[in-house]
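Colleague:
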Amino acid sequence: MTGIDFHSATLLAAEVTEKTTSQVSGWGILLVLFVVFVLPFLLGGLIARALKLKDFSRKIGLVLFTAMIASTPFAWQIANGHDWRNAIRLGIDLAGGSNMVFEVDEGRSEKELSNEVMDQMVGAIGRRINPSGTEEVTVRKVGQNRIEVIVPGADSDDVQRIKSLITRLGSLEFDIVANRRDHATIVNRALESPGKDIRDGEGRVIASWREVNGDESYTDDQMVSRPFTREDGTQGEEVLVIIEPNPERRVTGKYLVRARQSTDQNGSPAVAFTFNARGGTLFSQLTSKNRPSKDGFHRHLAVLLDGKVHSAPRLITTISTEGQITGRFTQKEISNLLNVLNAGALEVPLKPEPVSEFSISPLLGSDVQEKGKRAIIIAAIAVILFMLIYYRFSGLVANICLTLNLLLVMGTMSFINATFTLPGLAGLVLTIGMAVDANVLIFERIREEKARGSSLRMAINNGFSRAFTTIVDANLTTLIVAVVLYIIGTDQVRGFAVTLFIGIVMSMFTALYVGRIIFDIFERKRWISDLKMMSIVGSTSIDFIGKKSLAAVFSIALIVIGMGVVITRGEDNLDIDFTGGTMVTFEFEEKQNIDDIRGLLQAEFGNSLTLEQLQLSNDPASEGRFFRLRTTMNDADAGEGKAEATKTIRKNLNNAFDDADHNLRKVTMSFGEVKQLEGSENTPAGTEVELTFSGEVKPSTIDNYLKEAVAAIENTDGTPKYERVPEIRLTGISDEKGEDAAAEVKRFKKMNAQAGPDLLADDLKTALTDMQEVMATTAILDEVNSFDSSVASEMQESALMAMLISLIAIVAYVWFRFQRITFGLAAVAALVHDVLVVLGLVALGAYLSNTALGPVLGLNDFKINLPMIAAFLTIVGYSLNDTIVVFDRIREVRGKNPALTSTMVNESLNQTLSRTLLTSITTLIVVLILYAIGGEGIHGFAYCLVLGVFVGTYSSIFIASPVLIWLMNRPGSATARATQQSEKQASVSS
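Numbering (the working numbering), first residue to last: -2 to 987.
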């Protein structure tokens, strides 16, 4: 290989990749660009000319352009002969997906497994396959050494890509290539022991043979390389690299700050990277020591990805924090590499193939899905009809804006490949209900302007102008929350943050920009001469602040009672998403109905379970026979707790399906003589035995049974004989001919079991005998394992931190906008109040579900799960929006007056009462319909939102405003003195 020099701070590879030519016709690209970017503005110009409103040309063109962009994903599906709905990626609850369980390759691992290592693995894998946090992917630890990955709606190509992302170690390393001038002694030792590491006197690795990626060849006379045969029989090349013996001084990916796409000097795809300060220092030292000699001799730097040399360019100058990796990368490889590098390397390697792989049917039954979809449609229609009837022409404008808003949100979500669950779709409709708020603010302002005697044009102009500040303030505070949640929060919270951000931006655009254009056109063309509107709330003068003491007592009592119920229920408040539990896969002899199976299991396990219908990959005949149960039943990670949980689950399963119509598959086992292994270079000492089964089973299944049996062996005093179960290697014996047959078959009728010397032969025989008895009397259960919550403990801490920082950001922004920190503190007080009240009412609702009130109010044993967390975050956004609108009116009424009196606040609350109630009504229309007829898929989600609307409306009037008065008029403050003076003057004048 001919090296290419390093220039300044950039690493360049030795080869230049050929540019791939696009298969898309140039004319086709031009046509698409014309339709999307040019045609909307041409149409805008034509429409403006036809209306004789030429100054509206660009405005109309921009609206058409945004609609065209948002429609592109759906139009693309139709153009390719597919249903437009294929552009919407549905979640695991609606469309099913793929479920894979990967196992740590402990034989290749240099680290001892621990909970910390496994948690790091879960985090890295999650970031790799779901970097944006919008795809509803689940990654969690299973047992001691396995990781479960659930991907919604993935096809076979996606599954293969995801497998590659998951199992790739993701290590990045920079080492100097050995040369005969600097490393003659090491080179001679390496050539005497080809393929083996070279160690120093302390046993530390100082040089290693590393495989060259692909079919690259290194021919530099100074570089030491050798041909070798790979495991698959193909020929490859290895290069000798010098290893820094001190691990803390090695230049690796752990110092990586960011990797990004770039191009090399030839325009080929490359990966640019940035190290942190420590990494930059180490890299600078490494490259400085290996700069060219005065006689022109150059050293080479090996760039290793996953232990393979991808390039080995010549070093020209010292390099510190910035660099570039180049090679023969395709665009897809670059994208995958960036995901892997930015997510971080895996602490320990995973086996390349999953130990379990299933396709999952939708988690929600078809009837539940239909109920949810029907409720969503009815709720959307109800909001549209309400706006049309109440606001008439203005309502029509609002509906046009809402429809465009929906298109823009759906199109944007499709562009970023976001996943929609049933609660997510319900939340989308809720966005419509809440997006009405901006329109209501504008329309109520227009009503006020008309009441003052303004002309129609002036009323429209002033209505939009005066509502603008309020709308921006209310929505920007929520946008700040969305940004903070996305940057700091967990994957689940980030997905919500993206949806929230997109929904707010689009609703502001449609209400303030599109709505204004429609009103202006109709008024300029004199198609409207007046704006008729209904009115349910006229001019009021309610003394809201006078009831602050009663409201305080009511809120405190509600919070105390609610928190008491929360504490009493303890972990019963949490769904399986947060508690984790035990999972088990089982198989029936015949095809079964999932609803029947769920009912039978609930009779044994209660309602705290989830059931998944599985299908073996590439085996349609297995549909309806495989199921996976997840229960909150406690299953300790090791020891007696696990054995007891497993026994109980096995017993309950057999009790649930003890009739002739639900025959669980049984597999019996026999075993041969337990033989002693003397041990050799290729085979370690220990014991060996052949196992024979009546039907095909997976090695991982038998591994679980055998380890459980060994763990149950006790000493004479009743204590466990083995604190840690010794390693037992199971190898399938295939009946197929050919070298690769065993690798292709995942289920076997015969297996070979090998145990190390730590497991006594008599104990292995005892374990096999016990296992034989269990399998003869009970159904075969696969993957009986504990599993972690969908949100790991550090991720929960991350989510809480994101919420805390969001509250601080709200205080800071409101402080900036209203010039007083008290406004921000009062808004946060209302948010905390709302979350505590709703949390308590959720627990109270679950407690009352078994009373006579339960069926009447539609109460269930509600448990906090991920959709409910999304509902709580929605409540925060709704309450914050409501509060800021009230505060904005208080600021307007107060003007430059230094005082803040109860009269001012009451006047503001009465002026905004119509808007507050109308927004609450439109939102309630949505959530009540979702709650009443939406079915179990969104019942808990909708329940939270119903409570949130009532509590949010109440708190913006009776909590936020009184708290603001109390904070502003604290004893000794300037505002308090001004308020007292103002009240004295008011009493004198009266």
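Just so you know, even glycine gets a beta-carbon here, dropped at the ideal spot from N, CA and C.
1) State yes or no: is the C-beta of Ile725 within less than 9 angstroms of the C-beta of Asp760?
2) If you run the structure through DSSP and keep just helix, strand and coil, what is Asn862?
3) Can you round the beta-carbon distance between Val686 and Phe668 to whole angstroms, since I take them to be within the 8 angstroms contact cut?
4) What residues in its chain sit with their C-beta under 7 angstroms from that of Glu133, if we drop five residues either side in the sequence?
5) Considering only the alpha carbon of each residue, which of Ala395, Ile594, Ile485 and Ile468 lies closest to Phe516?
6) In angstroms, rounded to a whole number, what distance separates the CA positions of Asp172 and Phe623?
7) Just reading off the alpha helix (DSSP H) that Lys56 is part of, what are its end residues?
8) Gly94 by DSSP, collapsed to three states: which one?
9) Write down every uninterrupted run of the alpha helix (DSSP H) in the stretch 464 to 548 whose length is 4 residues or greater and which is fully enclosed by it, in chain order.
10) Under a three-way DSSP split, which group does Ala267 fall into?
11) Within 10 angstroms of its Cβ, does Asn894 collect 16 or more other Cβ (buried), or is it exposed?
12) Taking 6 angstroms as the limit between beta carbons, can you name the residues of its chain near Met97, skipping five residues before and five after?
13) Any idea if Met798 is buried or exposed, counting beta-carbon neighbours within 10 angstroms, 16 or more meaning buried?
14) Using three-state DSSP, classify Val563 as helix, strand or coil.
15) For the stretch 762 to 774 against the stretch 428 to 440, do three or more pairs of beta-carbon atoms, one drawn from each stretch, fall closer than 8 angstroms, so that the two count as touching?
16) For Glu637, which residues from the same chain have a beta carbon less than 6 angstroms from its beta carbon, with the 5 sequence-adjacent residues on both sides left out?
17) Give the DSSP-derived three-state secondary structure of Thr400 in the structure shown.
18) Closest to Val960 by CA distance: which of Lys644, Leu841, Val839 and Ala826 is it?
19) Pair every Cβ in the stretch 252 to 271 with every Cβ in the stretch 329 to 349, then say whether three or more of these pairs are closer than 8 angstroms.
20) By the 10 Å Cβ neighbour count, where 16 or more other Cβ atoms means buried, how is Thr665 classified, buried or exposed?
21) Determine, using beta carbons only, whether Gly692 and Lys747 come nearer to each other than 9 angstroms.
22) Can you tell me where the beta strand (DSSP E) holding Arg625 begins and where it ends?
23) Within 10 angstroms of its Cβ, does Val137 collect 16 or more other Cβ (buried), or is it exposed?
24) Below 8 angstroms on the Cβ atoms is my guess for Leu253 versus Phe270; work out the distance and round it to an integer in Å.
25) Mind checking who Ala299 pairs with in its DSSP beta bridge?
26) In this structure, does DSSP put Asn615 in helix, strand or coil?
27) Taking buried to mean at least 16 other C-beta atoms within 10 Å of its own C-beta, is Gly567 buried or exposed?
28) Can you look up Pro224 in the DSSP assignment and give me helix, strand or coil?
29) Drop a sphere of 10 angstroms on the beta-carbon of Pro191, count the other beta-carbons inside from all chains shown, and report buried for 16 or more, exposed for fewer.
30) Quick check: Val883 and Thr909, are their CB atoms within less than 9 angstroms of each other?
31) Is it right to say Glu889 is buried, meaning 16 or more other beta carbons lie within 10 angstroms of its own, or is it exposed?
32) Out of Gly512, Lys743, Gly729 and Arg513, which has the shortest C-alpha to C-alpha gap to Asp616?
33) Within 10 angstroms of the Cβ of Ser526, are there 16 or more other Cβ atoms? Answer buried if so, exposed if not.
34) Report buried or exposed for Val21, applying the criterion of at least 16 other Cβ atoms within 10 angstroms of its Cβ.
35) Would Phe938 pass as a contact of Ala423 if the rule is Cβ separation under 9 angstroms?
36) Val221 and Ala187: beta carbons closer than 9 angstroms?
Modeller: Based on what the coordinates show:
1) no
2) coil
3) 5 angstroms
4) Gly88, Ile89, Pro149, Thr416, Thr418 and Gly492.
5) Ala395
6) 49 angstroms
7) Ser54 to Ala76
8) strand
9) Entirely contained in the stretch 464 to 548, the alpha helix (DSSP H) runs reaching 4 residues are, in chain order, 488 to 505 and 512 to 521.
10) strand
11) Exposed, by the Cβ-count rule.
12) Excluding residues within five positions, the ones whose Cβ falls inside 6 angstroms are Val146, Pro351 and Glu354.
13) Counting other Cβ atoms within 10 Å of its Cβ, Met798 stays below 16 and is therefore classed as exposed.
14) It is helical.
15) no
16) Bear in mind that the predicted position of Glu637 carries a pLDDT of just 40, short of 50, making it unreliable; the figure below should be weighed with that in mind. Within the same chain, Glu637 has no close Cβ partners at all.
17) helix
18) Ala826
19) For the pair of segments examined, the stretch 252 to 271 was found to touch the stretch 329 to 349: the number of CB pairs separated by less than 8 angstroms reaches three.
20) exposed
21) no
22) Phe623 to Thr628 is the extent of the beta strand (DSSP E) around Arg625.
23) For clarity, residue 137 is Arg in the given sequence; the question names Val instead. It is buried - the Cβ of Arg137 has at least 16 other Cβ atoms within 10 Å.
24) 6 angstroms
25) Asp172
26) coil
27) exposed
28) strand
29) exposed
30) yes
31) It counts as exposed.
32) Distances from the CA of Asp616 to each of Gly512, Lys743, Gly729 and Arg513 were compared; the closest alpha carbon is that of Lys743.
33) exposed
34) Only weak support exists for where Val21 lies, its pLDDT of 44 falling under 50; the value from the coordinates is given anyway. It counts as exposed.
35) yes
36) Taking 9 angstroms as the Cβ cut-off, Val221 and Ala187 qualify as a contacting pair.
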